[in-house]
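To start, the structure itself, in structure tokens.
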Amino acid sequence: MAGIADFLDSLIGGFDLICFCMAIGGLFWGLFLLRPWENDNTSSAALNTALLQKTVALIYKGGFWLAAAQLFKIVLKIWLMVAVLERWPFPEFAQTTQFIGGMVRAFLTALMAGYCYYILSKHLFSKQHWITAGLVALPMIISGAWLVHAAGRFDNRFLLMSLTVMHQLAAAAWVGGIFQLVNVWLLQRSNQVPEQSWSLLLKRFSIFGIISVGLILLSGLPISLQYIDSWNGLIGTGYGNLLMVKVVLLSLALGFAWLNRSAVLQFVGFGNDYALKNRVPYYVQAETLVLVILLFTAASLASQPPAIDIPDLTASWQEVLDTFSPRFPRTSSPTHTDLIAGEAGRVAIIGQTPSMAATEWSNYNHNIAGIFLTVMSFFAMVSYMKYLPAPLSAVDKYVHLTKYWPLGFVCLGIFLFFRSDAETWPLGPIGFWESTFNNGEVLQHRIATLLVLVLGFMELAARITKNPNSKLPYVFPILAAFGGLMLLTHSHVGFQAKSAFLIQVGHTSMGIFALILSCGRWLELKLDSPGKDIAGFVSVFALFQMGLILMFYLEPLY
Numbered sequence: 207m208a209g210i211a212d213f214l215d216s217l218i219g220g221f222d223l224i225c226f227c228m229a230i231g232g233l234f235w236g237l238f239l240l241r242p243w244e245n246d247n248t249s250s251a252a253l254n255t256a257l258l259q260k261t262v263a264l265i266y267k268g269g270f271w272l273a274a275a276q277l278f279k280i281v282l283k284i285w286l287m288v289a290v291l292e293r294w295p296f297p298e299f300a301q302t303t304q305f306i307g308g309m310v311r312a313f314l315t316a317l318m319a320g321y322c323y324y325i326l327s328k329h330l331f332s333k334q335h336w337i338t339a340g341l342v343a344l345p346m347i348i349s350g351a352w353l354v355h356a357a358g359r360f361d362n363r364f365l366l367m368s369l370t371v372m373h374q375l376a377a378a379a380w381v382g383g384i385f386q387l388v389n390v391w392l393l394q395r396s397n398q399v400p401e402q403s404w405s406l407l408l409k410r411f412s413i414f415g416i417i418s419v420g421l422i423l424l425s426g427l428p429i430s431l432q433y434i435d436s437w438n439g440l441i442g443t444g445y446g447n448l449l450m451v452k453v454v455l456l457s458l459a460l461g462f463a464w465l466n467r468s469a470v471l472q473f474v475g476f477g478n479d480y481a482l483k484n485r486v487p488y489y490v491q492a493e494t495l496v497l498v499i500l501l502f503t504a505a506s507l508a509s510q511p512p513a514i515d516i517p518d519l520t521a522s523w524q525e526v527l528d529t530f531s532p533r534f535p536r537t538s539s540p541t542h543t544d545l546i547a548g549e550a551g552r553v554a555i556i557g558q559t560p561s562m563a564a565t566e567w568s569n570y571n572h573n574i575a576g577i578f579l580t581v582m583s584f585f586a587m588v589s590y591m592k593y594l595p596a597p598l599s600a601v602d603k604y605v606h607l608t609k610y611w612p613l614g615f616v617c618l619g620i621f622l623f624f625r626s627d628a629e630t631w632p633l634g635p636i637g638f639w640e641s642t643f644n645n646g647e648v649l650q651h652r653i654a655t656l657l658v659l660v661l662g663f664m665e666l667a668a669r670i671t672k673n674p675n676s677k678l679p680y681v682f683p684i685l686a687a688f689g690g691l692m693l694l695t696h697s698h699v700g701f702q703a704k705s706a707f708l709i710q711v712g713h714t715s716m717g718i719f720a721l722i723l724s725c726g727r728w729l730e731l732k733l734d735s736p737g738k739d740i741a742g743f744v745s746v747f748a749l750f751q752m753g754l755i756l757m758f759y760l761e762p763l764y
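Throughout, the working numbering is defined as the position within the sequence shown, counted from one, plus 206.
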């Protein structure tokens with residue numbers, strides 16, 4: 207069962223941050239954007255009781271879920287320690303900062319959520335009660351400083367703790383505001399809020415979001431400079447790699463924010479609200495997806511040792527670049543007997559011996575999977591072409607068959623089922639349930655295999671259905687996003703060797719492209735032309751890039 211605990215531990219941190227953004231971001235939303243106590247005509251016409259009730263509900267639900275997540279994190283740590291140490295970790299664990307800080311934060315969070323549930327929800331238009339809610343949340347916000355990297359450092363400890371809290375608050379203001387915008391849009395669709403609520407709050411949040419992003423960068427830069435002291439530390443460690451992933455995801459989110467801002471300016475300057483009503487809601491949804499994945503990435507980053515602490519385990523930029531260098535894919539596999547023969551030496555704690563068979567087995571798996579993805583994504587890109595170039599016009603009549611490209615996922619899923627973990631069932635001696643529940647990495651591989659199979663069947667059904675109101679097409683972007691999430695939170699040893707990091711860097715790169723795939727497909731389903739066609743092609747092109755990464759994959763000998 208330790209495998210399940212390890213897998214859940216990699217996810218609960220992201221859920222913790224989502225709840226934090228819901229609660230604290232909601233308070234910022236109410237205090238600085240809604241300002242329900244103001245009585246000017248514009249605000250009073252756009253803000254009604256239904257909107258305020260939903261806003262406060264998101265705040266206290268986020269708070270209660272955050273308190274539960276904090277307690278669950280402590281339970282998971284106890285579970286993992288019992289599994290590893292094979293004994294009860296108390297009373298020693300009760301004296302640690304993680305336990306004391308976690309319990310205090312859970313209590314303070316529940317106190318804040320309780321105030322919003324019992325008091326603020328009954329005084330929605332009271333400035334005094336909104337300010338009091340912010341003050342009640344303040345101790346909880348501060349208590350989080352003892353649960354971050356900075357709390358365990360000797361140099362600049364107070365400064366780093368303060369900057370981290372500031373970073374979290376700025377992120378909560380932005381992400382929590384996006385959650386609230388989705389809430390406003392849903393309320394408007396169901397006619398529970400006036401029509402002008404969407405444009406008014408989007409305009410207000412446009413400025414507020416810019417300030418929040420500025421504070422994120424202002425606080426994040428000095429933290430990064432304290433934890434990463436060289437270019438190799440940025441490029442060649444798990445901490446630096448996930449930080450770069452955060453930067454890429456932040457850039458994607460800012461791209462959607464720019465589209466939203468452009469629509470707001472078009473509305474304010476020229477009165478044209480077409481994009482504001484017909485495109486921005488879906489840009490906001492895509493931005494929400496990117497930011498949620500960004501929060502899980504941030505949680506994974508918090509579990510990595512800072513680059514400055516592991517100079518001897520840092521890969522050079524040349525080694526990282528070599529991971530992505532084009533090469534002929536491996537199309538032959540070592541025998542299962544050779545693989546098993548080398549496993550004992552490879553996993554030995556003392557006298558570890560690298561296994562060439564294990565490395566070649568893994569290279570074969572990744573390269574063949576890459577061939578699957580590049581071929582099917584090629585046909586997927588062709589499916590977006592109405593007519594082929596003149597030299598290929600003779601096969602135009604077969605272009606419609608390219609819509610069956612998702613069958614490639616089904617074939618890939620079957621391949622992965624047999625090849626992913628050769629030491630476990632069905633090929634190896636370790637049983638299915640034993641390997642699944644006692645090894646977090648195997649569990650993630652099993653989930654990924656199931657995900658690929660379901661993805662293939664569901665997307666194939668979506669592409670060939672004749673029902674225009676079918677919900678099947680929406681399964682693909684949701685599952686692709688979950689796949690990207692798993693790639694970005696893939697389990698690795700904390701103080702990992704260079705070889706483990708060089709494996710991780712491929713996972714995180716594919717995780718980014720999986721997210722682009724998900725957002726592109728979602729926008730293809732939601733936008734009008736030409737945006738939908740561009741988004742659809744970008745999504746399958748991202749799948750093609752994932753295929754290339756896998757096809758050129760070369761695992762270090764370990």
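The C-beta atom is built at its ideal place from N, Cα and C for all residues, glycine as well.
- Exclusion of the five residues before and after ILE224 leaves VAL498, LEU501 as the residues of its chain whose Cβ lies within less than 7 angstroms of its Cβ.
- Apart from the 5 residues on each side of it in sequence, GLN751 sits with its Cβ closer than 8 angstroms to the Cβ of PHE719 in its chain, given in chain order.
- Contact annotation: LEU721 and ALA687 have beta-carbon atoms nearer than 8 angstroms.
- GLN710 has its alpha-carbon roughly 20 angstroms from the corresponding atom of ARG536.
- Contact between the stretch 358-376 and the stretch 261-269 is absent, with fewer than three C-beta pairs closer than 8 angstroms.
- Sequence-distant Cβ neighbours of LEU353 in its own chain, meaning closer than 6 angstroms and more than five residues away, are GLY307.
- Around the beta-carbon of LEU749, 16 or more other beta-carbon atoms lie within 10 Å, marking it buried.
- Between CYS227 and ALA492, the C-beta spacing is not below 8 angstroms.
- For the options PHE621, LEU527, LEU694, ALA289, the alpha carbon positioned closest to that of ASN644 is the one of ALA289.
- Per DSSP, SER539 is not a residue of any alpha helix (DSSP H), being assigned neither H nor E.
- Sequence-distant Cβ neighbours of CYS617 in its own chain, meaning closer than 7 angstroms and more than five residues away, are PHE578.
- Excluding sequence positions up to five before and after GLY446, its CB lies within less than 6 angstroms of the CB of ILE434, GLY439, LEU440, ALA513, all in the same chain and listed in chain order.
- Between the stretch 556-570 and the stretch 731-751, the count of Cβ pairs shorter than 8 angstroms is below three; the stretches do not touch.
- Taken in chain order, the unbroken stretches of alpha helix (DSSP H) that lie wholly in the stretch 459-516 and span 4 residues or more are 480-484, 486-508.
- When C-beta atoms of the stretch 385-392 are compared with those of the stretch 402-420, three or more pairs fall below 8 angstroms, so the two segments count as touching.
- For the 8 angstroms CB-CB criterion, LEU465 and TYR489 form a contact.
- For PRO679 against LEU731, the beta-carbon gap comes to about 5 angstroms, under 8 angstroms, which counts as contact.
- Comparing alpha carbon positions, the residue from LEU217, GLN510, GLU761 closest to ASP528 is GLU761.
- In this chain, the alpha helix (DSSP H) harbouring GLU525 covers 523-529.
- Around the beta carbon of VAL281, a 10 Å sphere encloses fewer than 16 other beta carbons of the protein chains shown; the residue is thus reported as exposed.
- PRO487 sits buried, since 16 or more C-beta atoms from the chains shown fall within 10 Å of its C-beta.
- In the DSSP assignment, ILE265 forms no beta bridge with any residue.
- Going by DSSP, PRO428 is part of the alpha helix (DSSP H) stretching over 402-433.
- Exposed is the label assigned to ASP734, since fewer than 16 other Cβ atoms lie within 10 Å of its Cβ.
- For the 8 angstroms CB-CB criterion, LEU237 and TRP380 do not form a contact.
- For SER715 and GLY477, the gap between their C-alpha atoms comes out near 41 angstroms.
- In terms of Cβ geometry, ALA275 and PHE221 form a close pair [threshold 8 angstroms].
- Each residue's CA atom was taken as its position, placing GLU629 and LEU754 some 27 angstroms apart.
- Between ASP544 and ALA563, the CB-CB gap stays under 8 angstroms.
- In the structure shown, ILE636 falls within a strand segment according to DSSP collapsed to helix, strand and coil.
- In this structure, GLN402 sits away from ALA256, with a CB-CB distance that is not shorter than 8 angstroms.
- A distance below 7 angstroms between beta-carbons, with the five flanking residues on each side excluded, links ILE218 to the following residues of its chain, in chain order: ALA275, PHE278, LYS279, LEU282.
- Closest in C-alpha terms to PRO736, from the list PHE305, TYR590, SER509, THR608, comes TYR590.
- Put simply, the stretch 290-307 does not touch the stretch 409-428. Fewer than three CB pairs are less than 8 angstroms apart.
- DSSP places TYR570 in the uninterrupted alpha helix (DSSP H) bounded by 562-588.
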